[in-house]
Each structure stands twice: as C-alpha cells, then as structure tokens.
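Residue numbering for the sequence shown follows my numbering, starting at -18 and increasing by one per position. Beta carbons are placed, not taken as given, at the ideal position from N, Cα and C, and that holds for glycine. None of these values were measured; they are calculated from a predicted model. Comments concern the structure below.
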Amino acid sequence: SGTLEGWGLSWEDLHALNPKLIMLRVSGYGQTGPYRDRPGFGVIGEAMGGLRHLSGEVGRTPVRVGVSIGDSLAALHGVIGILLALRHREQNAG
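Here it is in structure tokens:
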C-alpha cells in the first residue's frame, strides 16, 4: 500500500464517496511490483527506458537530453488519460 492508502485516500475509499471520481496516480515504477517504493524522477525514467543510451557518442558516457523528457511525457500522458476518462464518462452518462 502507498502513501494515499495510509492516509485513507485509496481509490476504493474515494470512489465510495464519489462514484464519478477520476483519479490519476503517477509513479516512477507503478503501484505494484518490486520497484514500487523506489523514487522516480524523469532522468531516472529516461535512463531506465534507454533514452540516455541513445544520446551522446559511442563509447562515451550518455549525456542528458536538452529538457526533462521523462517528467514532461509523464505529465502529458497523464493529462491525455484524464481527458479520455472525462470524455468516456460524459458519453456514457457517468
């Protein structure tokens, strides 16, 4: 269980109060699995996902890409997911 569950704010707790609730949780490694409690930041995600391997020159240490793509993409895809959930809820009457 995570921080929200410890505070009594799990999906189940909140959904019981508001069945129309749309909830987004973003973590570096997901809500379950062996890495779930590890901190996750954009640069770590970029490295774990192989993006850093693609940057720089062969035989040298990978270099950082210009912007934090990992953080930006997590936020962007989170927003897309929320918008799709809102649209689905609207089209299916709740």
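Straight across, the Cα-Cα distance linking A66 with R33 is about 32 Å.
The DSSP-derived three-state label of R19 is coil.
Spatial neighbours of V44 in its own chain (CB-CB distance under 6 Å, excluding positions within 5 residues in sequence) are listed in chain order as S36, G37. For V46, the three-state secondary structure derived from DSSP is coil.
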